[in-house]
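Participant: Residue numbers 203 to 520, in my numbering, belong to the letters of the sequence shown in order.
For every residue, glycine included, the Cβ atom is placed at its ideal position computed from N, Cα and C.
Got a structure here, written out as C-alpha cells. Questions coming.
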Amino acid sequence: MHRSAAVMAWNVFKFCTALRGLGSVMILMVLGVVGVTYYAVVVNNYGPALFAAESMDSLTAFTVLLLFHGLLVMLLWSYFSVVLTDPGGVPLNWRPVVEDEEAGEAMPLANSEFSSQILNMQQSAVISDPGDPRIRFCRKCNQFKPPRCHHCSVCGRCVLKMDHHCVWVVNCVGALNYKFFLLFLLYTFLETTLVTLSLLPHFIAFFNDGEIPGTPGTLATTFLTFVLNLAFALSVLGFLIMHISLVLGNTTTIEAYEKKSTPKWRYDLGRRRNFEQVFGIDKKYWLIPAYSEEDLRRIPALHGLEYPKKPDPESSGL
Ligand SMILES: [Zn+2]
Ligand SMILES: [Zn+2]
203 MHRSAAVMAW
213 NVFKFCTALR
223 GLGSVMILMV
233 LGVVGVTYYA
243 VVVNNYGPAL
253 FAAESMDSLT
263 AFTVLLLFHG
273 LLVMLLWSYF
283 SVVLTDPGGV
293 PLNWRPVVED
303 EEAGEAMPLA
313 NSEFSSQILN
323 MQQSAVISDP
333 GDPRIRFCRK
343 CNQFKPPRCH
353 HCSVCGRCVL
363 KMDHHCVWVV
373 NCVGALNYKF
383 FLLFLLYTFL
393 ETTLVTLSLL
403 PHFIAFFNDG
413 EIPGTPGTLA
423 TTFLTFVLNL
433 AFALSVLGFL
443 IMHISLVLGN
453 TTTIEAYEKK
463 STPKWRYDLG
473 RRRNFEQVFG
483 IDKKYWLIPA
493 YSEEDLRRIP
503 ALHGLEYPKK
513 PDPESSGL
C-alpha cells in the first residue's frame, strides 16, 4: 500500500518535471503551426489570388486575407497575454476572513488565533482544518489558501482560482488570465475554422484535378495546413463549449470535479453576473485580453481573492 503510493507520487513528480521541461518548446510549436499556416494561406494561395485576373477571385482573396490577419492579431495578442500574465499568487501574509455568522459580520483572523491556527494545521495531517472547512491551508507553501485557490504542482505554488495548468501556454490558468485563455480559445477556433474553410476548395482540387498549379512542396504544405487546422478547430470547439458552460455556472475545471461532493454551488449568481466576473461589465473589453480600470475597481472577483456568494439557506433560516 505504502509502496504503491510512493511509486505513484514519484510518477506524478516525473510527469510534472516533464511538463516544466516542455516549456518553451510548446511556444515554438504554437509559433510553428502559425508559421506553416501563414505560409500556406497567405504566401501560397490567397496572396497570389489577390492579383487574379477575375475581380471576383481577388475580392474573395482580399476578404479571406483581411479576416485571417485580423483574427491572427487577436489570437497572438490573447495567447501572449495568457503566457505572460501571472495567473495570481497568494499575497504575503494573506489571512482568511472568517464570517461570524451569529453577529453577521466578517472579520479577519486575530493575531493570536492566527498563529495557533497555523500551529494546529501544521501538526494536522489534513490540508484543511476539519473543524472549520472554510479555512484552508497549503502545507507545501506553508500559507493560508484564499477561497477557490489551489496548489499547482507544476508551478510549485498556490494559484488564485486555479482552473488548470496549460501546457500550450506554459502557464497556469487562474483568476487573472482566465479571460485571456478563453479569448485565445475563441480566436483559435475562429482562425482555424476560417483556414479550414478557405483551404477546402484547394483540398478538394488536390484529389479531383489531375493538374493543379503549385510545386509538390507547396501542395504538401496546403494539405498539412488543412489537416492541422481542421484537427485544431474540432478539438478547440470541444474545449470552448466546456468552458462556456463553466463560465455560466461560475465554476473552474477543478471545481467541476469537486462539486460532485458539494450539493449547492454558492458562487453561482446567475449567468449574467457569472459572466461579468470573468469578462467584466464593460462591453468594449469583452473581446480583448484586457479589463477597464472601472471594472477592476468595481468587481473584486477580478483580483482573485474575494468572491460574492449566495446566502446559505440553511444558516440563514432561524
Ligand atoms: Zn500551495
Ligand atoms: Zn501551474
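Does the count of Cβ pairs from the region 502 to 510 and the region 376 to 392 closer than 8 Å reach three?
Facilitator: Output reads yes: the region 376 to 392 touches the region 502 to 510.
Participant: Answer yes or no: do F386 and S280 have a C-beta to C-beta separation smaller than 8 Å?
Facilitator: Yes; because the gap between Cβ atoms is below 8 Å, this pair is in contact.
Participant: Alpha carbon to alpha carbon, how far is L489 from M444? Give it in angstroms, no decimals.
Facilitator: For M444 and L489, the distance between alpha carbons rounds to 19 Å.
Participant: Just jot down, in chain order, the residues whose CB lies closer than 5 Å to any heavy atom of ligand 4.
Facilitator: Absent from the structure shown: ligand 4. Ligands present: ligand 1 and ligand 2.
Participant: Taking 8 Å as the threshold (C-beta atoms), are T427 and L401 in contact?
Facilitator: Contact: yes.
Participant: Whole angstroms are fine: how far does the CA of F346 sit from the CA of R297?
Facilitator: Answer to the nearest angstrom: the Cα atoms are 6 Å apart.
Participant: Does the Cβ of V371 lie closer than 7 Å to at least one heavy atom of ligand 2?
Facilitator: The answer is no for V371.
Participant: For M364, count neighbouring Cβ atoms within 10 angstroms of its own Cβ and tell me buried if that reaches 16, exposed if not.
Facilitator: Buried.
Participant: Out of M231, V238 and R350, point me to the one whose CA is closest to G419's CA.
Facilitator: Among M231, V238 and R350, the Cα nearest to that of G419 is on V238.
Participant: For R475, which residues from the same chain have a beta carbon less than 7 Å from its beta carbon, with the 5 sequence-adjacent residues on both sides left out?
Facilitator: Contacts found: none.
Participant: If you measure between the beta carbons of K512 and L471, is that distance less than 8 Å?
Facilitator: In contact: K512 and L471 (Cβ atoms closer than 8 Å).
Participant: Roughly how many angstroms separate the alpha carbons of G272 and N295, rounded to a whole number?
Facilitator: Spanning the two alpha carbons is a distance of roughly 44 Å.
Participant: Put F391 into one of helix, strand or coil per three-state DSSP.
Facilitator: Correct three-state label for F391: helix.
Participant: Three-state secondary structure (DSSP) at F346?
Facilitator: Strand.
Participant: Does the beta-carbon of V285, which I'm using as the reference point, lie nearer than 7 Å to any heavy atom of ligand 2?
Facilitator: No, since every heavy atom of ligand 2 falls outside the 7 Å radius drawn around the Cβ of V285.
Participant: Bridge partners of N373, per DSSP?
Facilitator: The partner list for N373 (beta bridge, DSSP) reads C368.
Participant: C374 and C360 look like a contact to me (Cβ under 8 Å); what is the Cβ gap, rounded to whole Å?
Facilitator: 10 Å between Cβ atoms; not a contact.
Participant: Which residue or residues does DSSP assign as beta-bridge partners of F339?
Facilitator: Bridge partners of F339: F346.
Participant: Could you spell out where the alpha helix (DSSP H) holding V285 opens and where it closes?
Facilitator: It spans S257 to L286 - the alpha helix (DSSP H) in which V285 sits, taken as one unbroken run.
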